[in-house]
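Colleague: Position one of the sequence shown corresponds to residue 610 (our numbering), numbered consecutively onward.
Note that the Cβ used here is the ideal one computed from N, Cα and C, for glycine as well.
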Amino acid sequence: MTTVEPLGAVRERVLSSLRQEIIAGRLLPGDRLVERELAERFGVSRVPVREAIRALVTEGFVLFETPRRTVVRHLTPTDVAELFELREALEVYATGLAAQRATRADLAELEELLDRAADATRADDAEAITDINTRFHDRILAMAGNSLLISVMEPVDGRLRWLTRQNEEWPQLLAEHRELYAAIASGDRELARAHALAHVQANYRSTVRHLFGDSDTGPAAHSTANSGSGSGSGSEGEA
Numbered sequence: 610m611t612t613v614e615p616l617g618a619v620r621e622r623v624l625s626s627l628r629q630e631i632i633a634g635r636l637l638p639g640d641r642l643v644e645r646e647l648a649e650r651f652g653v654s655r656v657p658v659r660e661a662i663r664a665l666v667t668e669g670f671v672l673f674e675t676p677r678r679t680v681v682r683h684l685t686p687t688d689v690a691e692l693f694e695l696r697e698a699l700e701v702y703a704t705g706l707a708a709q710r711a712t713r714a715d716l717a718e719l720e721e722l723l724d725r726a727a728d729a730t731r732a733d734d735a736e737a738i739t740d741i742n743t744r745f746h747d748r749i750l751a752m753a754g755n756s757l758l759i760s761v762m763e764p765v766d767g768r769l770r771w772l773t774r775q776n777e778e779w780p781q782l783l784a785e786h787r788e789l790y791a792a793i794a795s796g797d798r799e800l801a802r803a804h805a806l807a808h809v810q811a812n813y814r815s816t817v818r819h820l821f822g823d824s825d826t827g828p829a830a831h832s833t834a835n836s837g838s839g840s841g842s843g844s845e846g847e848a
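#1: Spatial neighbours of residue 778 within its chain, please: CB distance less than 6 Å, with the 5 preceding and 5 following residues excluded, ordered by chain position.
#2: In the DSSP assignment, find the alpha helix (DSSP H) that holds residue 658 and state where it starts and stops.
#3: Grab me the residues of residue 633's own chain with a C-beta within less than 6 Å of its C-beta, minus the 5 sequence neighbours each way, in chain order.
#4: The alpha helix (DSSP H) that contains residue 679, what's its start and end?
#5: Leaving out the 5 sequence neighbours to the left and right, which residues in its chain are closer than 6 Å to residue 707 when beta-carbon positions are compared?
#6: Do residue 812 and residue 755 count as a contact pair if the criterion is CB distance below 8 Å?
#7: Thinking C-alpha only, which one of 651, 769, 710 and 639 is nearest residue 672?
#8: Suppose you measure from the CA of residue 758 to the CA of residue 711; what does that come to, to the nearest Å?
#9: Whose C-beta lies closer than 7 Å to the C-beta of residue 773 among residues of the same chain, with five residues either side of it excluded?
#10: Just the Cα atoms here: how many angstroms apart are residue 647 and residue 628?
#11: Which residue spans inside the segment 687-774 form an unbroken alpha helix (DSSP H) run of at least 4?
#12: Let me make sure I understand the geometry here. Which of 786, 805, 667 and 771 has the alpha-carbon closest to that of residue 722?
#13: Report yes if the CB atom of residue 644 is closer than 8 Å to the CB atom of residue 655, and no otherwise.
#14: What does the alpha-carbon distance come out to for the pair residue 626 and residue 801?
#15: Hey, residue 850 and residue 676: beta-carbon distance below 8 Å or not?
#16: Locate the alpha helix (DSSP H) running through residue 685, then write down its first and last residues.
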């Protein structure tokens, strides 16, 4: 007897796959998402594909250039600055809490992730590095023990992971994560916050250099008052 996959599960499967393809760079900024082609590729109807595309628009990965043309968005300097401003505000606070509340089991898990990140860095495996580094930061957020912080970060987590993928200075990133781990393990809240702030600002500069060829002093230095986010609006149809 054939089991029919629920529509919601199909939509989540398509959404997860497309999101990961964007994060990993298999779908590049400017690439078009066509409902018909994606439905054929995933072996599904166009309805879950359309819903997945709408979700990607909401998450900030794609935009409607026209009502019938949907593309992977190009990140602007404003997009990057705003995401890092949010990351700076929330991650620095969360890291301070993690230093206060970390258990031996928590620290052991971070150490294991660092060991895996070191292996991936030696292998120059960008996708594995991105995944492990995301898990590292997710674990610190969980260690903070604040469910509201997690819920606030969740809607932008994918875009932050996308940005992390843009930073290819892997050995430096690993060194910063080791320093961050040591600060958390010390139990010193202010030391952990200081290292978290330095890490976010260094990551911001590296990301900006990679994407735009220049750098800034940090996300807080970027003025967004006169810039748009670059997001589009549109309706369903041939996406």
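Modeller: On the basis of the supplied data:
#1: For this step, residue 778 is matched to residue 169 along the sequence shown. Excluding positions up to five away in sequence, the list reads 815.
#2: For this step, residue 658 is matched to residue 49 along the sequence shown. Start and end: 655-668.
#3: The residue given as residue 633 occupies position 24 in the sequence shown. If we look at residue 633 and ignore the five residues flanking it on each side, its Cβ neighbours are 736.
#4: The residue given as residue 679 occupies position 70 in the sequence shown. Careful: residue 679 lies outside any alpha helix (DSSP H), inside the beta strand (DSSP E) at 678-681.
#5: Within the sequence shown, residue 707 is the residue found at index 98, counting from 1. Sequence-distant Cβ neighbours of residue 707 in its own chain, meaning closer than 6 Å and more than five residues away, are 749, 752, 753 and 793.
#6: The count along the sequence shown starts at 1 and reaches residue 755 at position 146. The count along the sequence shown starts at 1 and reaches residue 812 at position 203. No, they are not a contact pair.
#7: Here residue 672 is taken as the residue at index 63 of the sequence shown, counted from 1. Of the candidates 651, 769, 710 and 639, 639 places its Cα closest to the Cα of residue 672.
#8: The residue given as residue 758 occupies position 149 in the sequence shown. The residue given as residue 711 occupies position 102 in the sequence shown. Rounded to the nearest whole angstrom, the CA to CA distance from residue 758 to residue 711 is 16 Å.
#9: Position 164 of the sequence shown holds residue 773. Correct list, in chain order: 739, 742 and 743.
#10: Start at 1 with the first residue of the sequence shown, and residue 647 comes out as number 38. Start at 1 with the first residue of the sequence shown, and residue 628 comes out as number 19. It is roughly 13 Å from the alpha-carbon of residue 647 to the alpha-carbon of residue 628.
#11: Complete alpha helix (DSSP H) runs here, min 4: 713-731 and 735-752.
#12: Position 113 of the sequence shown, counting from 1, holds the residue named residue 722. For the set 786, 805, 667 and 771, the Cα lying nearest the Cα of residue 722 is the one of 786.
#13: Within the sequence shown, residue 644 is the residue found at index 35, counting from 1. Within the sequence shown, residue 655 is the residue found at index 46, counting from 1. Cβ distance < 8 Å, so residue 644 and residue 655 count as in contact.
#14: Translated into the one-based positions of the sequence shown, residue 626 becomes position 17. Translated into the one-based positions of the sequence shown, residue 801 becomes position 192. Roughly 35 Å between the two C-alpha positions.
#15: In the structure displayed, the chain extends from 610 to 848; residue 850 sits before or after that span and is not available.
#16: Sequence index remark: in the sequence shown, residue 685 carries index 76 (1-based). Premise fails: residue 685 is in no alpha helix (DSSP H) and is neither H nor E.
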